[in-house]
Structures are given as C-alpha cells and as structure tokens.
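Engineer: Quick one: the structure is below, questions incoming.
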Amino acid sequence: MELLRGLPLLLQQYKALFMKNLILSWRHKRSTFLQLFSSLFFIFLIFCIQRAIEARFASSTSFENVFDPKPVVSPPIPPCEDKYYVNLPCFDFVWSGNDSARIGTIVSQILANNPGRPIPSSKVKSFRTSDEVDEWLFNDPMRCPGALHFVERNATVISYGIQTNSTP
Numbered sequence: 004m005e006l007l008r009g010l011p012l013l014l015q016q017y018k019a020l021f022m023k024n025l026i027l028s029w030r031h032k033r034s035t036f037l038q039l040f041s042s043l044f045f046i047f048l049i050f051c052i053q054r055a056i057e058a059r060f061a062s063s064t065s066f067e068n069v070f071d072p073k074p075v076v077s078p079p080i081p082p083c084e085d086k087y088y089v090n091l092p093c094f095d096f097v098w099s100g101n102d103s104a105r106i107g108t109i110v111s112q113i114l115a116n117n118p119g120r121p122i123p124s125s126k127v128k129s130f131r132t133s134d135e136v137d138e139w140l141f142n143d144p145m146r147c148p149g150a151l152h153f154v155e156r157n158a159t160v161i162s163y164g165i166q167t168n169s170t171p
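Residue numbers (the numbering used here): 4 to 171.
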C-alpha cells in the first residue's frame, strides 16, 4: 500500500479506520446494538414516566393555568378547647407585632370576622416580637395551636407568617 500525502492521506486513513470499525461492529453485534439503541430506549423511558406523571396529576391544576378559579372558603379558627392535645387555660392563637396600631386593627378584624363565631379577646395573646412568642411557646407548651407573626415593612406593606405550635 502506497502512502500518500496531504488530503489523499487523510481520506486513505479515514477509509481504513471506517472499515476497521465496521468489521469490529459486525463482530460485536450485541454491544453495537446496545450503543445505537440505548439512547432511544432511555428517551422512550423518560416519555413514559412523563405520561405517568401527567396521568396522575390529571385532576390537579399543577400543570395547567386556571383562568376562572372557584372561590375557596376560608375555614374558621376553631376554639382551642376543641384540640386533642391542649393544656388549659388555652389561647386560640397568639400573635406578634403589637408595636403597630395597623397590625392591632388587623388582628381585631380577624377576631370579629372569624366565620362561625367571633373570637373573644381573652382567647388571644399578643407579643412584640416573634422571639417573645417562641420563648412563651417553649415555657408554656401546648397552650395554643399556632401563632401569627406580623411585620410592618413600610407604610404600604405588612408581611406575615404562620407558625404552628410543635412544643411537646
């Protein structure tokens, strides 16, 4: 076999390597088949998993836009005496952020507009900060089901957080 120079040499080497790989592929048919079709198999597997997830959540609105949602009724805050594990006397909820008159107004509206029954102010306890709430929950375990934490960010923004009571 004569060695060539330049582009003909490149074509000669390419043809020789191609024939070598073709012969090796013919000898090892199983591994060649796996290499060629494993990617298609995994794409098909991912497609099947996606279809299964979509079928599972078909009744959910997780994967679709809801342009006209049905209104959801907010459940009332139940009396603390209705809870299974509670120490008496108990509070329906405690809240932090009593530095602000606006937050105090919000809490009084929550008390007055609780669906089913107004919450008496004797069943609610207020604190200045969330750290004080944490300390009270730790020192008086199982006296209330949860806490509301209000923070007045500025004149137009009041943020809040809900804390469930997990004291033993």
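All C-beta atoms, glycine included, are put in the ideal place defined by N, C-alpha and C.
All figures in this text were calculated on a predicted structure; none of them were measured in a lab.
Is it buried or exposed for Phe44, if we count other Cβ within 10 angstroms and need 16 for buried?
Structural biologist: Per the 10 Å Cβ criterion, exposed.
Engineer: Quick check: what's the CA-CA separation for Lys122 versus Arg54?
Structural biologist: Sequence check: residue 122 is Ile here, not Lys. So the alpha carbons of these two residues sit roughly 48 Å apart.
Engineer: Is the distance from the Cβ of Glu138 to the Cβ of Arg105 below 8 Å?
Structural biologist: No, Cβ-Cβ distance for Glu138 and Arg105 is not below 8 Å.
Engineer: Find out if the Cβ-Cβ distance for the pair Val136, Ser162 is shorter than 8 Å.
Structural biologist: Not a contact, by the Cβ cut-off of 8 Å.
Engineer: Just grab the DSSP bridge partners of Val127 for me.
Structural biologist: Beta-bridge pairing links Val127 to Phe96.
Engineer: State the beta-bridge partners of Gln161 as determined by DSSP.
Structural biologist: Residue identity differs from the one stated: residue 161 is Ile in this sequence, not Gln. Ile161 pairs with Glu155.
Engineer: If I'm right that Pro35 touches Ser42 with Cβ under 8 Å, what's the distance once you round it to whole angstroms?
Structural biologist: Pro is not the amino acid found at residue 35; the sequence shown has Thr there. About 13 Å separates the two Cβ atoms, so there is no contact after all.
Engineer: Going along the chain, which residues of its own chain have a beta-carbon closer than 6 Å to the beta-carbon of Ile52, five neighbours each way excluded?
Structural biologist: Correct list: empty, nothing qualifies.
Engineer: Starting from Ala150, follow its DSSP beta bridges and name the residues at the other end.
Structural biologist: Answer is Val97 and Gln166, bridged to Ala150.
Engineer: Taking C-beta to C-beta, are Ser124 and Asn101 nearer than 8 Å?
Structural biologist: No. Outside cutoff.
Engineer: Are the beta-carbon atoms belonging to Lys73 and Phe94 less than 8 Å from one another?
Structural biologist: The answer is no: Cβ separation not under 8 Å.
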